[in-house]
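Here the first sequence stands for residues 1 to 359, where the numbers follow the UniProt record's numbering.
Quick reminder that beta carbons are idealized off the backbone N, C-alpha and C, glycines included.
Quantities reported herein were computed from a predicted structural model and do not represent experimental measurements.
Down below is the structure, laid out as structure tokens.
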Amino acid sequence: MDFAPRIVAWQRQHGRHDLPWQNTRDPYRIWLSEIMLQQTQVATVIPYYERFLQRFPDVAALGAADQEDVMPYWAGLGYYARARNLHRCAVEIMRDWNGRFPPTAEAITTLPGIGRSTAAAIAAFAYGERSPILDGNVKRVFTRHFGIAGDPSKREVEQRLWALAEAQVEAAPGLDMASYTQGLMDLGATLCTRGKPACDRCPMADSCIARRDGRQAELPTRKVRKAIPERETCMLVLQHEGSFLLQQRPEPGIWGGLWSLPEFDVADDPDSASRALGLEPEQRYELAAFAHTFTHYRLHIRPWLVPVRAVSLRESALPERWVPADKLESMALPAPVKKLLQGLVDAGMQNSLFTTSKT
DNA sequence: AAGCCGGGGTG
DNA sequence: CACCCAGGCTT
């Protein structure tokens, strides 16, 4: 009872008001922030957001750009389909909406990469539309406050939460939707956190079921996570006169659209893998293996440094490019590849990096 | 309904 | 290390 107005009152006094995407009603800026913030924390997003906005200040600038020019500004953020969809949206808005962002949450949902919650957030912030959100923060706040057990990603539980979200808005005529939506996010991000919720400072503590029953640690119910599989790959660091050979990853798929190192099966060897690309190895150095963990599997990477003489390449299914060391910064590289190449460049290709020498 | 898609922060 | 984060799309 009285849920939404209390959230608003708390937000105005204790919420966040100076995030880079606040204090604007520009749908473009709001939209960009919502996409970047999908499954990504605020502190991670901020520098990406600033860089992106500087390069693409409005939907016209983004729509006029090639996707190729967009990807470097997303490299390292993850979920690269978000960037591809963002660019598709901009093209679509310029073509189908006369350059104006769609005026309702329902219309916004038709755009690629924007679901119900993201559309509602954009509509609430930009237009004040009375559409509720249901993101990770809201799921945590609601499951605790209303004592909803069960994995929130399950359809049945999620439907209950959507119904609760709708009910809170309907029960509050004249609600300031921007403040309410921001308040839910702020509460989840700053007080009703996963680990140690600050119930002593929470404006909803007196009506919170989890608080009453001492079940804050059990809600929201954890999802049962299966053991993640292990995968293994070898990567070729083909090097010629200070440049590295990069291949553009196909989409869809992991790292789609990013530039990565050529890979070969662990059963094969770096020399034949290099020759398969039309390159003759001068040497081959096994670099230190390392692991990279994704949400759904762990990838063991075994990199080989292979200096080559000729740079004539064979026909390849993937776009390929020789990239000088000092131009790597401008390329859209997967995080582990960036780390690997940066390490090589920073160390000046010194032998200390090699676990084993020539084989 | 379940799997796919990343990287980083947190405890 | 496990778990989670301003989720959405495909199968």
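Could you spell out where the alpha helix (DSSP H) holding residue i opens and where it closes?
{"i": "Pro-27", "result": "27-36"}
{"i": "His-87", "result": "81-96"}
{"i": "Leu-62", "result": "59-64"}
{"i": "Val-345", "result": "335-346"}
{"i": "Gln-239", "result": "Element bounds for Gln-239: not the alpha helix (DSSP H) but the beta strand (DSSP E), 230-240."}
{"i": "Arg-68", "result": "The sequence shown places Glu at residue 68, rather than the Arg named in the question. Unbroken alpha helix (DSSP H) run through Glu-68: 67-70."}
{"i": "Gln-22", "result": "Run containing Gln-22: none; DSSP gives neither H nor E here."}
{"i": "Gln-13", "result": "3-14"}
{"i": "Val-138", "result": "136-145"}
{"i": "Arg-194", "result": "Counting along the chain, Arg-194 falls outside any alpha helix (DSSP H), and DSSP gives it neither H nor E."}
{"i": "Gln-54", "result": "42-55"}
{"i": "Ser-117", "result": "116-127"}
Roughly how many whole angstroms lie between the Cα atoms of residue i and residue j?
{"i": "Asn-85", "j": "Asn-23", "result": "25 Å"}
{"i": "Asp-66", "j": "Gly-113", "result": "18 Å"}
{"i": "residue 360", "j": "Glu-320", "result": "For the chain, the structure presents residues 1 to 359; residue 360 sits outside this window and is missing."}
{"i": "Gln-159", "j": "Asp-176", "result": "24 Å"}
{"i": "Pro-281", "j": "Val-306", "result": "6 Å"}
{"i": "Leu-187", "j": "Arg-249", "result": "39 Å"}
{"i": "Asp-271", "j": "Glu-329", "result": "28 Å"}
{"i": "Val-169", "j": "Glu-129", "result": "11 Å"}
{"i": "Arg-155", "j": "Glu-106", "result": "21 Å"}
{"i": "Leu-111", "j": "Ser-179", "result": "25 Å"}
{"i": "Thr-355", "j": "Tyr-285", "result": "In this predicted model, Thr-355 has a pLDDT of only 39, less than 50, meaning its place in the structure is not dependable; the value taken from the coordinates is given anyway. So the alpha carbons of these two residues sit roughly 9 Å apart."}
{"i": "Tyr-237", "j": "Tyr-80", "result": "The identity of residue 237 in the sequence shown is Val, whereas the question assumes Tyr. Roughly 23 Å separates the two Cα atoms."}
{"i": "Leu-353", "j": "Asp-346", "result": "With a pLDDT of 42 at Leu-353, under the threshold of 50, the predicted position of this residue should be treated as unreliable, though the coordinate-derived value follows. The straight-line gap from Cα to Cα measures roughly 11 Å."}
{"i": "Thr-359", "j": "Glu-251", "result": "Note that Thr-359 has pLDDT 33, beneath the 50 cutoff, so the model's placement of it is unreliable and the number below is only indicative. Looking at the two C-alpha atoms, the distance is approximately 35 Å."}
{"i": "His-87", "j": "Ala-273", "result": "35 Å"}
{"i": "Ala-172", "j": "Ile-7", "result": "11 Å"}
{"i": "His-17", "j": "Met-204", "result": "20 Å"}
{"i": "His-194", "j": "Asp-135", "result": "Just to set this straight, residue 194 is Arg in the shown sequence, not His. For Arg-194 and Asp-135, the distance between alpha carbons rounds to 14 Å."}
{"i": "Ala-64", "j": "Gly-348", "result": "39 Å"}
{"i": "Arg-211", "j": "Asp-200", "result": "10 Å"}
{"i": "Trp-10", "j": "Ala-4", "result": "10 Å"}
{"i": "Ser-131", "j": "Ala-124", "result": "7 Å"}
{"i": "Thr-109", "j": "Leu-261", "result": "36 Å"}
{"i": "Ala-119", "j": "Gly-183", "result": "17 Å"}
{"i": "Asp-69", "j": "Arg-314", "result": "26 Å"}
{"i": "Gln-13", "j": "Val-337", "result": "44 Å"}
{"i": "Arg-55", "j": "Ser-33", "result": "15 Å"}
{"i": "Asn-351", "j": "Val-224", "result": "Residue placement at Asn-351 is flagged as unreliable, the pLDDT there being 45, under the threshold of 50; the coordinate-derived value follows with that caveat. So the two alpha carbons sit approximately 45 Å from each other."}
{"i": "Asp-2", "j": "Met-185", "result": "18 Å"}
Just to confirm the assignment, what range does the beta strand (DSSP E) spanning residue i have?
{"i": "Ala-291", "result": "290-293"}
{"i": "Trp-304", "result": "298-307"}
{"i": "residue 360", "result": "Look at the range of the chain in this structure, 1 to 359, and you will see that residue 360 is not part of it."}
{"i": "Glu-106", "result": "Not the beta strand (DSSP E): Glu-106 falls in the alpha helix (DSSP H), residues 105-108."}
Going by alpha carbons, who is nearest to residue i out of the options?
{"i": "Tyr-127", "options": "Val-141, Thr-104, Arg-144", "result": "Thr-104"}
{"i": "Cys-202", "options": "Val-45, Pro-270, Val-141, Asp-26", "result": "Val-141"}
{"i": "Val-138", "options": "Cys-192, Phe-125, Asp-176", "result": "Cys-192"}
{"i": "Ala-288", "options": "Gln-41, Leu-277, Gly-343", "result": "Gly-343"}
{"i": "Lys-327", "options": "Ala-291, Pro-252, Ser-243, Gln-283", "result": "Ser-243"}
{"i": "Tyr-48", "options": "Tyr-73, Ile-30, Ala-64", "result": "Tyr-73"}
{"i": "Lys-196", "options": "Thr-181, Asp-206, Arg-215, Gly-183", "result": "Arg-215"}
{"i": "Pro-27", "options": "Gly-147, Trp-255, Arg-100", "result": "Arg-100"}
{"i": "Leu-161", "options": "Asp-200, Leu-277, Ala-60, Arg-144", "result": "Arg-144"}
{"i": "Lys-226", "options": "Asp-200, His-296, Ile-46, Ala-75", "result": "His-296"}
{"i": "Glu-263", "options": "Ile-46, Ser-33, Glu-232", "result": "Glu-232"}
{"i": "Leu-77", "options": "Ile-93, Gly-183, Val-59, Arg-51", "result": "Arg-51"}
{"i": "residue 363", "options": "Arg-211, Phe-294, Val-266, Ser-312", "result": "Residue 363 lies beyond the range of the chain shown here (1 to 359); nothing can be said about it."}
{"i": "Pro-334", "options": "Gly-257, Ala-267, Leu-318", "result": "Gly-257"}
{"i": "Leu-299", "options": "Ala-4, Leu-184, Ile-254", "result": "Ile-254"}
{"i": "Ile-46", "options": "Arg-29, Gln-11, Lys-223", "result": "Arg-29"}
{"i": "Pro-229", "options": "His-240, Ser-33, His-292, Lys-223", "result": "His-292"}
Looking at the structure shown, is residue i part of a helix, part of a strand, or coil, going by DSSP?
{"i": "Arg-215", "result": "coil"}
{"i": "Pro-250", "result": "coil"}
{"i": "Thr-355", "result": "In this predicted model, Thr-355 has a pLDDT of only 39, less than 50, meaning its place in the structure is not dependable; the value taken from the coordinates is given anyway. Of the three classes helix, strand and coil, the one that applies to Thr-355 here is coil, per DSSP."}
{"i": "Glu-170", "result": "helix"}
{"i": "Pro-220", "result": "coil"}
{"i": "Leu-277", "result": "coil"}
{"i": "Ser-179", "result": "helix"}
{"i": "Val-323", "result": "strand"}
{"i": "Phe-101", "result": "coil"}
{"i": "Glu-315", "result": "coil"}
{"i": "Leu-258", "result": "coil"}
With distances taken between CB atoms, is the gap from residue i to residue j smaller than 8 Å?
{"i": "Trp-304", "j": "Cys-208", "result": "no"}
{"i": "Ile-133", "j": "Thr-181", "result": "yes"}
{"i": "Arg-82", "j": "Ile-35", "result": "yes"}
{"i": "Ala-149", "j": "Leu-219", "result": "yes"}
{"i": "Ile-122", "j": "Trp-21", "result": "no"}
{"i": "Ala-325", "j": "Leu-279", "result": "no"}
{"i": "Ala-332", "j": "Trp-259", "result": "yes"}
{"i": "Leu-53", "j": "Ala-90", "result": "no"}
{"i": "Phe-294", "j": "Ile-301", "result": "no"}
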